[in-house]
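One structure is given here, and the rest of the page talks about it.
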Amino acid sequence: MFSNKSLTIYKIRLPLKIPFTTSFGTQHYRNAIILHLMYNGIDAYSECVTDEGPYYSYEDNETALHIIKTYLINYIKDVPEPSKFLERSEKIKGHNMAKAAIEMLLWDYYSKVKKIPLYKYIGESKGYALIGISIGIDDVKKMINFIHESIKSGYRRIKVKIDKGKEIKILSEIREYFPDIPLSADANGCYTIKDIEILKALDKYNLLYIEQPLQHDDIIHHAKLRKEISTPICLDEPITSYEKALKAFEIGAADIINIKPGRLGGVYNSLKVIELAKEFKKGVWIGGMLETGIGRAFNIALASLNSINMPGDTSPNERYFNKDIVLNLFKMNNGTIIPYDSPGIGVNVDFEFMKNVSTRIEKLDLWV
Ligand SMILES: [Mg+2]
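Quick note: the sequence shown uses the numbering used here, first residue 34, plus one each step.
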């Protein structure tokens with residue numbers, strides 16, 4: 034017999050307003066997996082932050098779907114609390130983005146059961162998030178125009194993507210035009226320790242930090258690099274667990290951590306790393322993976338926590354999409370965004386539009 038529980042998986046292809054280029058490639062679409070749980074009259078949602086290719090990490094949409102449909106689905110037939118789900122899924126190595134998609138679905142579900150907005154359910158919140166912008170690699174003149182517009186609209190921090198061989202041109206021209214703006218650069222792991230001279234040369238651009246200069250899985254060489262440069266280091270890609278964050282802080286590899294709940298396996302692990310950063314008196318902010326309004330709502334809730342002490346990459350929806358799959362859109366005011374005050378993540382999904390941009394829809398019944 035079928036219960037009234039179901040999980041619907043939408044694989045969507047949403048065009049980006051403008052292409053987004055990093056050191057690992059150019060994205061024209063956000064190819065997302067959206068999960069919709071229906072249970073006991075509650076609709077809960079989440080977004081898997083994988084995309085089509087394994088470029089940010091080894092996971093992609095198809096590996097995430099495989100892990101969700103073959104393994105993780107078996108752990109949620111009783112719709113457990115997120116902590117219970119984490120315990121059950123511990124034996125599966127890695128695949129944090131797939132796990133996070135399910136874990137975050139459960140956070141949305143339980144905050145809706147308790148009729149509390151997610152941002153109040155997960156901790157002490159200041160009630161707003163400080164917003165920075167992440168700008169892709171482009172013709173430097175275009176990047177400068179974009180920065181100009183971003184400052185005018187109130188962004189609290191400008192981050193530019195850089196790539197090996199393009200970094201000096203990008204940063205020197207930007208700094209010439211904007212000597213004092215709060216600026217950071219994200220290399221997405223395009224250097225190795227052998228490039229130390231290039232990285233030393235970036236000290237003069239007075240960056241707030243350089244994000245992930247060395248390879249995606251490296252922590253140790255970042256500690257070595259940090260001794261040679263004055264620019265603080267922010268780690269992103271290799272911080273996939275609380276233990277990795279602890280090691281990075283202990284050996285002096287990171288001054289700052291960019292928290293992405295997808296990369297860390299969900300909200301619970303993100304909260305643990307946020308508290309760890311507080312204990313170590315380090316910087317911590319919430320990053321982004323070009324999420325639709327669903328993933329974005331989780332990020333804004335986390336970014337509003339008291340312990341988040343730096344502006345994140347959590348722009349309003351319109352920075353990335355002409356039309357989003359949610360109807361209520363975040364608005365930025367003076368470089369801040371207020372999380373939604375309705376229960377859970379608080380988004381109203383535009384189902385008609387989401388179906389239009391779906392390349393696959395699968396409904397799974399979750400009977401026990
Ligand atoms: Mg990054």
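Ideal placement from N, C-alpha and C gives every residue a C-beta, glycine not left out.
Check each candidate in 273, 231, 213, 190 and name the one with the smallest Cα separation from residue 199. 231
Quick one: is residue 244 buried, meaning 16 or more other Cβ sit within 10 Å of its Cβ, or exposed? buried
DSSP three-state label for residue 84, please. coil
Between the Cα of residue 242 and those of 224, 293, 203, 190, spot the shortest distance and give me the residue it belongs to. 190
By the 10 Å Cβ neighbour count, where 16 or more other Cβ atoms means buried, how is residue 40 classified, buried or exposed? buried
On the DSSP letters alone, give me the boundaries of the beta strand (DSSP E) that residue 193 sits inside. 191-194
Do you know how far the Cα of residue 395 is from the Cα of residue 249? Straight-line spacing of the CA atoms in residue 249 and residue 395 works out to 33 angstroms.
Short check: CB of residue 299 to CB of residue 273, under 9 angstroms? no
Whose C-alpha, out of 115, 379, 66, is nearest the C-alpha of residue 99? 66
Residue 193 to residue 399, Cα distance in whole Å? 43 angstroms
Does DSSP classify residue 318 as helix, strand or coil? strand
With DSSP run on the structure shown, which of helix, strand or coil describes residue 254? helix
Per DSSP, residue 162 is paired with what? 370
If we count Cβ pairs, one from each stretch, closer than 8 angstroms, do we get three or more for the segment 147-161 versus the segment 127-134? Result no; under three Cβ-Cβ pairs closer than 8 angstroms.
Apart from the five residues just before and just after residue 140, which ones in its own chain have a Cβ nearer than 6 angstroms to its Cβ? In its chain, beyond the 5 residues on either side, 115, 300 have a beta carbon closer than 6 angstroms to the beta carbon of residue 140.
Just to confirm the assignment, what range does the alpha helix (DSSP H) spanning residue 294 have? Per DSSP, residue 294 belongs to the alpha helix (DSSP H) from 294-297.
Reference residue 381, options 91, 342, 76, closest by Cα: 76
Ligand 1 and residue 332: does any heavy atom of the ligand fall closer than 8 angstroms to the residue's C-beta? no
Burial state of residue 326, where buried means 16 or more other Cβ atoms lie within 10 Å: buried
Residue 269 to residue 357 span [Cα, whole Å]: 26 angstroms
Cβ-Cβ separation, residue 363 to residue 393 (assumed contact under 8 angstroms), whole Å: About 27 angstroms separates the two Cβ atoms, so there is no contact after all.
Counting only the same chain and skipping the five closest in sequence on each side, list residues whose C-beta sits under 7 angstroms from that of residue 303. 292, 294, 297, 335
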